[in-house]
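Novice: Protein chains in written order, with this note's numbering: chain Z, 643 to 919; chain G, 643 to 919.
Glycine included, every Cβ here is placed at the ideal spot set by N, Cα and C.
Structure below; questions to follow.
Here is the structure:
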C-alpha cells in the first residue's frame, strides 16, 4: 500500500431500544444485553500514518477516547478522520462506530493481520473503558436488528438478529451524556431491560422490539419531554416510534415521524454491519 | 403482507479454499472447519405460498433437497424461486445459498418470528442432511472472508472473519459432486485441512488464505487437470488463484485469471452476508 494512502471503513449507526448493564472488571466481558437497530446512516472512518494521533470528526479535531484507545491497543501512530451525517451524543453510537472503524481501517492500513473478531473486541473494550458505550460496537459489527443475548466482546458475548428491513426516520432534540446515565445507579434500569429483552426473545419480531422498547423507556424513566411528546404524536398518527438509548432522539419505523409532522432524517435498516470500503 | 406477494432474500456465493470434515449425528453439530470467501455474485430467492413445494432454479424446476427440507422444517407450503448467475455444482455454494435464502424469505413471508441464528441453523441442518454441503450456509450468513473456527450451526459453531475487500475472478470447467467427494474417505483430506487452517489462524490475511488453500488442494489431491493448469497459469502471470472446494472451478484475486488469458467472470468479495431484500 502506498505510504500515506488512507484506508476507509464504514460502520453503521446503531440505536438501542432496550438494555441492561453488565459491568465486569475485564472490559471485554463487560457490556450490555439488549436489542436495537443498525442504520444505513453511519460513520466513514479513514486512517493514515500520523504521529499526532489526532482524531477529526466532521472536520473538527475532537477528544474521542474510544478511538484513541484503539490506536494504542493496536500499537500504531495514526491520524483518524471520521465523517458522519448523524448527530453526536444523540444515541446513534457515533463513538463506537468511530472506534470500530478505526480498528478495521488501521488493521488494513498497517497490515496488522488481526481478525474481525479481534478488532471488534479491541474496539468494544476501548468503548467500555472510555465509558461511552456498552453494546454499540458488537451490534455495529453485525448489522441488521441485533439482539445482544449475552454481553461482551465476540469471545464472551452472544449475538442474534431479528430479520427485518425497511425505512427508518429519526429526529434529535439535543444531547445526552451516556456516561452520566451509566455512571448513576442502573439497578432499576437493568431490571426493566431484562424484562423487555425476555419479551423480545419470546417473540423476536421488529414490532415486538418496538413495543418492548417503549415499555422499557417508560419503566426505566429515561424519556425526555420532547421524546415523550414525539413518541405519542407518532402513535396518534398510527405509527410506531421509540427513544434511542441514550440520546434525546426519537426513531420511527417507515414514515412515522413525518406522518406526525416532524422534519425527520431518513435512512434504512442497515443489513451490512461494519465493513472496509 | 398481501397474499401471494413474494418476499426476496439475497445470499452471497461462497467458495471454500480449505476445510476439514466434522461429522456428527446431529446435523446442527456436524459441519466443517475451514476458510473461504463470499462473493457479491450470489443467489436471489423468492418465496410465495404454494402447496406444490416446487423449487425453481434459473427458470427450471429442480430437486433441491436442502431447500425442500427448509420448508418442511419451517412447516410451510411454499414455492421457491431462485435466480443466480453462478454455475451450479461448481463449488459456489448455490444449494446452501438457496436453502438459506428460502429460510430467510419464508420467515418474513409467513411471519414465523424466527431469529437469524435459528434460520441459519435450520438451513445448515438441511444442507448437511441433504449431503450437499458442510460449511457454506454459516459462511454465507456472515459474509466477507469467513473462517469456520469450529463446525456447526450458530449455537454450536464458531466463526471469525479476515477483513478484506477487492475484485475476484472465477472460471468453471465442469461439474463436481460434493456428495461424491464427501461420501468417500476424508481422513487425509481433513488432516490436510486442519494443517492449512492452523496456518491461516497463525497469520489471518487473505494472502495467507490463498497460499494455504493451494497447499491444501495439493495435499488433499483434489485438483482436476484444468484447475491445476489454470492455477499454474495465473501464478506464472504473477497472480494468485485457488480451487473452489468442491468444484471444477478456479477463483483468482484481482485480475489474475484475465491476466493469464482466461475468459473469467468478475465479482467482488461480498461484505454483507445473507440479507432480506
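#1: With DSSP as the reference, label residue 737(G) as helix, strand or coil.
#2: Below 8 Å CB to CB, which residues in the same chain sit around residue 897(G) once its five sequence neighbours on both sides are set aside?
#3: Residue 845(Z) touches chain G at which residues, Cβ-Cβ below 8 Å?
#4: Under 8 Å by Cβ, that's how I've got residue 688(G) and residue 723(G) pegged, so tell me the actual separation to the nearest angstrom.
#5: Does the Cβ-Cβ distance between residue 735(G) and residue 778(G) come in under 7 Å?
#6: Hey, could you find the ends of the alpha helix (DSSP H) residue 870(G) is sitting in?
#7: Which residues of chain Z have a Cβ atom closer than 8 Å to the Cβ of residue 804(G), listed in chain order?
#8: Do the stretch 747-755 of chain G and the stretch 787-804 of chain G make contact, defined as three or more Cβ pairs closer than 8 Å?
#9: Using a Cβ cut-off of 8 Å, which residues of the stretch 697-724 of chain G contact any Cβ in chain Z, in chain order?
#10: Which whole-angstrom value is the C-beta distance of residue 895(Z) and residue 852(Z), which I expect to be below 8 Å?
#11: Establish whether the CB of residue 828(Z) and some CB of chain G are separated by less than 7 Å.
#12: Tell me whether residue 758(Z) is buried or exposed, calling it buried when 16 or more other Cβ atoms sit within 10 Å of its Cβ.
#13: Using 10 angstroms around the beta-carbon of residue 890(Z), count the other beta-carbons present and answer buried if the total reaches 16, otherwise exposed.
#14: Go ahead and label residue 666(G) buried or exposed: buried means 16 or more other beta carbons lie within 10 angstroms of its beta carbon, across all protein chains shown.
#15: Please classify residue 643(G) as buried or exposed, where buried requires at least 16 other C-beta atoms within 10 Å of its C-beta.
#16: Grab the span of the alpha helix (DSSP H) containing residue 834(Z) for me, first residue to last.
#17: Counting C-beta neighbours from all protein chains within 10 Å, is the total for residue 674(G) 16 or more, i.e. buried, or is it exposed?
#18: Is the beta carbon of residue 814(G) less than 7 Å from the beta carbon of residue 838(G)?
#19: Distance, Cα to Cα, residue 726(G) vs residue 682(G)?
#20: For the putative contact between residue 690(Z) and residue 720(Z), defined by C-beta atoms under 8 Å, what is the C-beta separation to the nearest angstrom?
#21: Taking the continuous alpha helix (DSSP H) assigned at residue 770(Z), which residues delimit it?
#22: Does DSSP classify residue 714(G) as helix, strand or coil?
#23: Assuming residue 809(G) is part of the beta strand (DSSP E), what are its boundary residues?
#24: Just verifying my parser: in three-state terms, what is the DSSP assignment at residue 643(G)?
Specialist: The answer reads as follows:
#1: On the second chain, position 95 is the one that residue 737(G) refers to. Reduced to three states, the DSSP call for residue 737(G) is helix.
#2: Counting from one through the second chain, the residue named residue 897(G) turns up at place 255. So the qualifying residues of the chain are 809, 811, 881.
#3: For the purposes of this step, residue 845(Z) is taken as the residue at position 203 of the first chain. Going along chain G in sequence order, the residues near residue 845(Z) (Cβ under 8 Å) are 755.
#4: Taking the first residue of the second chain as position 1, residue 688(G) is located at position 46. Taking the first residue of the second chain as position 1, residue 723(G) is located at position 81. Right, their Cβ atoms sit about 5 Å apart.
#5: For the purposes of this step, residue 735(G) is identified with residue 93 of the second chain, where counting begins at 1. For the purposes of this step, residue 778(G) is identified with residue 136 of the second chain, where counting begins at 1. Cβ distance < 7 Å, so residue 735(G) and residue 778(G) count as in contact.
#6: Start at 1 with the first residue of the second chain, and residue 870(G) comes out as number 228. Unbroken alpha helix (DSSP H) run through residue 870(G): 867-878.
#7: Translated into positions along the second chain, residue 804(G) becomes position 162. Residues of chain Z passing the Cβ test: 757, 758.
#8: no
#9: none
#10: Here the question's residue 895(Z) lines up with position 253 in the first chain. Here the question's residue 852(Z) lines up with position 210 in the first chain. Between residue 852(Z) and residue 895(Z) the Cβ distance is about 7 Å, and since that is below 8 Å, they are a contact.
#11: For the purposes of this step, residue 828(Z) is taken as the residue at position 186 of the first chain. No, because no Cβ of chain G sits closer than 7 Å to the Cβ of residue 828(Z).
#12: Within the first chain, numbered from 1, the residue matching residue 758(Z) stands at position 116. By the neighbour-count rule (16 or more Cβ atoms within 10 Å), residue 758(Z) is buried.
#13: Numbered from 1 along the first chain, position 248 holds the residue referred to as residue 890(Z). Flag for residue 890(Z) reads buried.
#14: The residue labelled residue 666(G) in the question sits at position 24 within the second chain. Looking at its Cβ environment, which holds fewer than 16 other Cβ atoms inside 10 Å, residue 666(G) is exposed.
#15: For the purposes of this step, residue 643(G) is taken as the residue at position 1 of the second chain. Any answer about residue 643(G) is weak, because its pLDDT of 46 lies below 50 and its placement is not dependable; what the coordinates show is given next. Burial call: exposed.
#16: For this step, residue 834(Z) is matched to residue 192 along the first chain. That run of the alpha helix (DSSP H) goes 829-844.
#17: Taking the second chain and counting its residues from 1, the one referred to as residue 674(G) is at position 32. Residue 674(G) comes out buried.
#18: Within the second chain, numbered from 1, the residue matching residue 814(G) stands at position 172. Within the second chain, numbered from 1, the residue matching residue 838(G) stands at position 196. Cβ atoms of residue 814(G) and residue 838(G): not closer than 7 Å.
#19: As a working mapping, residue 726(G) is identified with position 84 in the second chain. As a working mapping, residue 682(G) is identified with position 40 in the second chain. Spanning the two alpha carbons is a distance of roughly 11 Å.
#20: Locating residue 690(Z) in the first chain gives position 48, where the first residue counts as 1. Locating residue 720(Z) in the first chain gives position 78, where the first residue counts as 1. Contact holds; Cβ gap of about 6 Å.
#21: Your numbering for residue 770(Z) matches position 128 in the first chain. Residue 770(Z) -> alpha helix (DSSP H) spans 758-772.
#22: Here residue 714(G) refers to the residue found at position 72 of the second chain. DSSP places residue 714(G) in helix when its eight states are reduced to three.
#23: Taking the second chain and counting its residues from 1, one reaches residue 809(G) at position 167. Here the beta strand (DSSP E) through residue 809(G) covers 809-816.
#24: Taking the first residue of the second chain as position 1, residue 643(G) is located at position 1. Low local confidence applies: a pLDDT of 46 at residue 643(G) is under 50, so the model's placement there is unreliable, with the coordinate-based value given in what follows. In this structure, residue 643(G) counts as coil in the three-state DSSP scheme.
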